[in-house]
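With our numbering, the residue at position 523 of the sequence shown is 571, and numbering never jumps. Glycine residues also receive a C-beta, built at the ideal position from the N, C-alpha and C atoms. See below for the structure under consideration.
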Amino acid sequence: MENGHCEDLSVSTQGLDSDNDQRVYFVPFGWWREAQDSATSSESDGKKGVLYTVTQGSSYGAAMKLINNIFNSDLVFSLRREDDSVLNGESGEVGVSGRDFALVSGEMWLRALKWHSDSKAAKGGKNFSASEDDISDVYPLQLRLSVLREVNSLGVKISKKDNSTELFKRACKIFSADIETIRLWDFSGQTTLFFINDRSNSPKDYQRQSDQEVFLELQVYGLSDNMKCREGRKEDAQHSNGIHSNGICAMNGTTGNTSTNLFRNSSTLFGKSGEAGSLGLTGLQNLGNTCFMNSAIQCLAHTPKLVDYFLGDYGREINHDNPLGMDGEIALAFGDLIRKLWAPGASPVAPRTFKSKLARFAPQFSGFNQHDSQELLAFLLDGLHEDLNRVKSKPYVEAKDGEGRPDEEVADEYWRNHVARNDSIIVDVCQGQYKSTLVCPVCKKVSVTFDPFMYLSLPLPSTNTRTMTLTVVSNDGSSMPLPFTISVPKYGKCEDLIQALSAACSLGSDETLLVAEVYNSCIIRYLEEPTDSLNLIRDGDRLVAYRLKKDVGSIPLIVFMHQHKEHYTHNVNSSCKAFGIPLLATASNIVNGSDFHDLYVKLLAPFQMPVHGDCVASESTAVEEVIEAVDSSNEEGIDSPLDDELEFYVTNDRGTVKDIKIAMDEPVSMTGTTRRFNVLVCWPEKHIERYDTHRLSSLPEIFRSGFHAKKPQETVSLYKCLEAFLKEEPLGPEDMWYCPGCKKHRQASKKLDLWRLPEILVIHLKRFSYTRFMKNKLDSYVEFPVDDLDLSSYISYKNGRTSHRYMLYAISNHYGSMGGGHYTAFIHHGGDRWFDFDDSQVNPISRDKIKTAAAYVLFYRRIVEE
49 MENGHCEDLS
59 VSTQGLDSDN
69 DQRVYFVPFG
79 WWREAQDSAT
89 SSESDGKKGV
99 LYTVTQGSSY
109 GAAMKLINNI
119 FNSDLVFSLR
129 REDDSVLNGE
139 SGEVGVSGRD
149 FALVSGEMWL
159 RALKWHSDSK
169 AAKGGKNFSA
179 SEDDISDVYP
189 LQLRLSVLRE
199 VNSLGVKISK
209 KDNSTELFKR
219 ACKIFSADIE
229 TIRLWDFSGQ
239 TTLFFINDRS
249 NSPKDYQRQS
259 DQEVFLELQV
269 YGLSDNMKCR
279 EGRKEDAQHS
289 NGIHSNGICA
299 MNGTTGNTST
309 NLFRNSSTLF
319 GKSGEAGSLG
329 LTGLQNLGNT
339 CFMNSAIQCL
349 AHTPKLVDYF
359 LGDYGREINH
369 DNPLGMDGEI
379 ALAFGDLIRK
389 LWAPGASPVA
399 PRTFKSKLAR
409 FAPQFSGFNQ
419 HDSQELLAFL
429 LDGLHEDLNR
439 VKSKPYVEAK
449 DGEGRPDEEV
459 ADEYWRNHVA
469 RNDSIIVDVC
479 QGQYKSTLVC
489 PVCKKVSVTF
499 DPFMYLSLPL
509 PSTNTRTMTL
519 TVVSNDGSSM
529 PLPFTISVPK
539 YGKCEDLIQA
549 LSAACSLGSD
559 ETLLVAEVYN
569 SCIIRYLEEP
579 TDSLNLIRDG
589 DRLVAYRLKK
599 DVGSIPLIVF
609 MHQHKEHYTH
619 NVNSSCKAFG
629 IPLLATASNI
639 VNGSDFHDLY
649 VKLLAPFQMP
659 VHGDCVASES
669 TAVEEVIEAV
679 DSSNEEGIDS
689 PLDDELEFYV
699 TNDRGTVKDI
709 KIAMDEPVSM
719 TGTTRRFNVL
729 VCWPEKHIER
739 YDTHRLSSLP
749 EIFRSGFHAK
759 KPQETVSLYK
769 CLEAFLKEEP
779 LGPEDMWYCP
789 GCKKHRQASK
799 KLDLWRLPEI
809 LVIHLKRFSY
819 TRFMKNKLDS
829 YVEFPVDDLD
839 LSSYISYKNG
849 RTSHRYMLYA
859 ISNHYGSMGG
869 GHYTAFIHHG
879 GDRWFDFDDS
889 QVNPISRDKI
899 KTAAAYVLFY
909 RRIVEE
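This is the structure:
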């Protein structure tokens with residue numbers, strides 16, 4: 049037998065139609081029998097199958113214990129031969145339970161596959177090709193066989209050692225026999241030969257079967273891959289919400305002959321994985337970052353009328369002559385995908401053929417990168433329209449301005465002209481019309497046109513502000529560091545931050561602010577460029593704004609960093625640990641080490657603990673007393689609390705080196721220092737308690753979710769988004785309008801009005817914004833109606849016959865940020881039932897959870913008023 053790993057099955061038919069293919073194909077019996085019964089007598093194999101029933105090990109007592117010992121099994125079951133009276137379908141009840149399978153040779157499988165493919169082609173589908181979806185849906189399994197002590201029985205083991213964990217899990221679902229009996233028909237002859245070869249063995253030879261085990265390589269085709277379930281799914285949710293896996297093993301939509309089994313629960317086959325097998329509740333496999341495509345497809349796959357259209361005879365409307373179309377290939381690929389998704393008992397579908405067609409006609413979606421579900425939706429709707437355009441020869445139509453005519457007359461004329469060139473199911477269901485009014489700012493010329501739309505892209509009104517907290521520190525020791533919370537433009541610059549913070553801290557006219565980011569008790573960057581974007585500042589950053597005097601000229605700044613000594617066991621070793629916020633001061637009048645000492649002690653004055661015994665002085669009083677003490681010590685030589693025990697070193701900007709120790713009575717040369725002079729100050733351990741080092745070290749984050757409880761989420765109504773879309777606004781400089789009155793390009797004002805609404809209204813929320821310098825996603829929570837979106841007050845033309853009320857039936861969601869994320873879809877499935885379509889996973893979701901800040905594209909259908 050061949051190696052247990054599956055070869056590349058996406059090969060030419062020559063590679064499959066070979067006598068050398070010793071693989072055995074494991075297929076649904078109903079699918080196999082349908083092809084056999086429909087084949088001509090010359091094509092029929094004429095082979096009689098050997099029928100086995102699958103029984104779990106516990107049913108066979110001692111015999112199965114023996115097999116367990118032999119195999120040291122992961123999953124063990126018995127194949128027990130049935131009587132000849134039920135062989136080959138004589139019992140009259142075969143292939144309809146969903147638990148009947150067949151073993152066939154590679155040649156037999158290929159012949160049946162070709163018959164099914166030709167049957168689809170005869171109905172307007174694609175011709176047979178063994179290199180597309182059908183071939184890639186095959187996956188391998190390896191079994192080990194041994195003869196049981198009972199006559200006509202085989203012991204079978206499926207091991208993780210022979211298969212990958214994923215394949216082993218699939219096998220466990222297929223061969224579980226807890227509830228229904230599994231029957232297996234062998235048309236390949238492999239098990240029969242095994243019996244013939246081994247039947248002569250005596251009982252004493254059974255113990256040596258482990259040395260004579262036969263490996264059988266199965267190629268499993270047409271069965272559900274339902275093991276990729278996410279953790280945290282409620283296993284019983286599918287039963288409580290009315291989801292039942294189909295008992296029929298469907299193969300590309302082909303089922304057994306009995307419709308009564310359509311929604312019969314068969315959890316032994318599909319398990320409680322959260323996969324949905326009911327009509328329309330079929331997942332799409334992720335082919336590598338294709339969740340954006342899966343989300344959009346699921347929303348369209350549950351769009352009324354559109355689904356009915358593609359489940360019907362849509363092939364007759366394909367327009368092969370449209371130069372704007374794709375020769376019907378996109379429509380055929382999409383239609384085939386819809387049929388698979390709505391097939392009874394369908395397992396998660398791998399949309400490979402559709403993706404390959406998509407990549408061919410829209411190269412921007414090729415490869416396996418993440419894309420935008422709305423952009424895909426826009427291309428797909430337009431592509432389907434062109435492929436299915438009923439207009440074979442588009443007439444030339446010249447657009448005419450209103451010229452003072454009634455709007456109703458002009459709008460109808462525009463719509464007739466549009467439909468004369470564009471007539472498809474997409475136009476019928478998804479296209480509406482809006483009124484566009486342009487006004488010249490110079491000559492006041494008014495131009496009115498009526499243009500079609502496929503969807504509405506609505507802006508999200510936002511305050512566009514950001515809350516930031518910074519700590520302001522003085523450079524003269526006159527006050528304690530104080531935090532200030534300010535509001536700045538969300539996409540502003542550093543100069544906006546300086547301006548807002550200056551007002552908040554009452555900055556003097558002779559002062560300026562130097563903003564720096566502090567990390568690990570040192571300054572890692574200075575924010576000195578006014579035009580730098582505030583996006584460079586993250587919520588977790590800690591910023592300090594130092595108050596400094598203006599016009600200090602070329603005098604450098606002294607940056608003091610702090611360390612204190614830590615003693616270890618027996619005082620043998622000691623080390624220094626950084627702490628606190630760096631303190632800044634101008635280096636004027638610095639002559640020797642004592643000048644550094646005095647300036648530093650003065651900056652520390654606000655942090656000194658109260659000195660009046662047990663009396664607790666006010667903060668301001670304590671600061672004043674310490675400043676006076678420092679001043680008097682400078683004049684009278686009185687020792688400061690730290691006196692000469694502080695050690696000062698010239699260091700680098702990270703405070704990690706001690707280049708030169710600064711002596712108190714020696715001059716200090718600052719020659720060559722242009723901007724900043726970094727000094728490291730080492731404290732003796734016993735003096736730490738004299739200062740409030742907690743206040744010196746306390747530095748809040750720009751935005752702390754814990755401190756502010758929860759970052760406020762902007763909330764906006766869908767109606768407000770619509771009002772922002774319909775609001776009159778001037779065109780951008782890049783969208784200048786050529787005024788027929790002025791005969792010049794003008795920056796006209798533009799006003800949109802809804803005129804004609806479609807049956808299916810698709811609303812795109814513009815969460816993503818792009819500029820030359822940045823990309824951004826708005827996470828605003830949009831409050832959108834579910835049962836009654838009433839647009840009556842937003843429609844300009846009311847004919848009294850058409851409803852303007854809509855009901856939500858699908859949502860395309862985007863979770864994450866610009867750099868990455870994940871798309872899902874929420875779909876309404878009748879009543880109050882909603883389902884979460886997450887690639888191959890389909891699970892119930894409560895109605896009160898479908899409104900999230902991830903909502904990206906909303907799908908509404910018109911409510912028909914009686």
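- Its chain contains 379, 383, 436, 473 as the residues whose beta carbon lies nearer than 8 Å to that of residue 362, once the 5 sequence neighbours on both sides are disregarded; these appear in chain order.
- Secondary structure at residue 769: helix, using DSSP grouped into helix, strand and coil.
- Rounded to whole angstroms, the separation of the alpha carbons of residue 797 and residue 376 is 41 Å.
- Within the model, the alpha-carbon separation for residue 882 versus residue 350 is close to 12 Å.
- Residue pairing by DSSP places residue 149 opposite 76, 232 in a beta bridge.
- Per the coordinates, the alpha-carbon of residue 80 lies some 10 Å from the alpha-carbon of residue 86.
- With a threshold of 16 other beta carbon atoms within 10 Å, residue 790 falls short and is exposed.
- Rounded to whole angstroms, the gap between the alpha carbons of residue 408 and residue 861 is 26 Å.
- The Cβ atoms of residue 426 and residue 445 do not sit closer than 8 Å to each other.
- Within the model, the alpha-carbon separation for residue 896 versus residue 854 is close to 19 Å.
- Counting C-beta pairs closer than 8 Å gives fewer than three between the region 700-720 and the region 577-595, which falls short of the contact rule.
- At the C-beta level, residue 839 and residue 802 come within 8 Å of one another.
- Sequence-distant Cβ neighbours of residue 398 in its own chain, meaning closer than 6 Å and more than five residues away, are 333.
- Of the residues assessed, residue 529 falls on the buried side of the cut-off, its CB having 16 or more other CB atoms within 10 angstroms.
- A direct Cα-to-Cα measurement between residue 763 and residue 540 gives close to 22 Å.
- Excluding residues up to 5 positions away in sequence, 189 lie with their Cβ nearer than 6 Å to the Cβ of residue 215 in the same chain.
- By the CB criterion at 8 Å, residue 596 and residue 518 fall outside the cutoff.
- Note: residue 609 is bridge-paired with 728 in the DSSP secondary-structure output.
- When the alpha-carbon of residue 440 is set against those of 450, 366, 423, the nearest one is in 366.
- In the displayed model, residue 216 falls within a helix according to three-state DSSP.
- Note that the C-beta distance between residue 603 and residue 634 is below 8 Å.
- Taking a C-beta distance under 8 Å as the contact criterion, residue 498 and residue 483 qualify as a contact pair.
- Residue nearest to residue 206 within the set 192, 373, 463 is 192 (criterion: CA-CA distance).
- CA-to-CA, the gap between residue 709 and residue 598 works out to about 31 Å.
- By the criterion of at least three beta-carbon pairs nearer than 8 Å, the region 403-419 is in contact with the region 333-343.
- When rounded, the separation of the alpha-carbon atoms in residue 456 and residue 912 is 23 Å.
- Residue 196 sits close to residue 126, with the two beta carbons spaced by under 8 Å.
- Excluding sequence positions up to five before and after residue 488, its CB lies within less than 7 Å of the CB of 787, 789, 790, 794, 796, all in the same chain and listed in chain order.
- For residue 237, no beta strand (DSSP E) run applies, since DSSP gives it neither H nor E.
- Proximity to residue 78 across 148, 516, 372 peaks at 148, based on C-alpha coordinates.
- Spatial neighbours of residue 731 in its own chain (CB-CB distance under 6 Å, excluding positions within 5 residues in sequence) are listed in chain order as 612.
- Secondary structure of residue 550 (DSSP, three-state): helix.
- Between residue 750 and residue 589, the beta carbon gap of about 5 Å places them in contact (Cβ cut-off 8 Å).
- Comparing C-alpha distances from residue 884 to each of 72, 129, 208, 328 shows the shortest one belongs to 328.
- Residue 269 places its beta carbon less than 8 Å from that of residue 74.
- Proximity to residue 451 across 632, 486, 534 peaks at 486, based on C-alpha coordinates.
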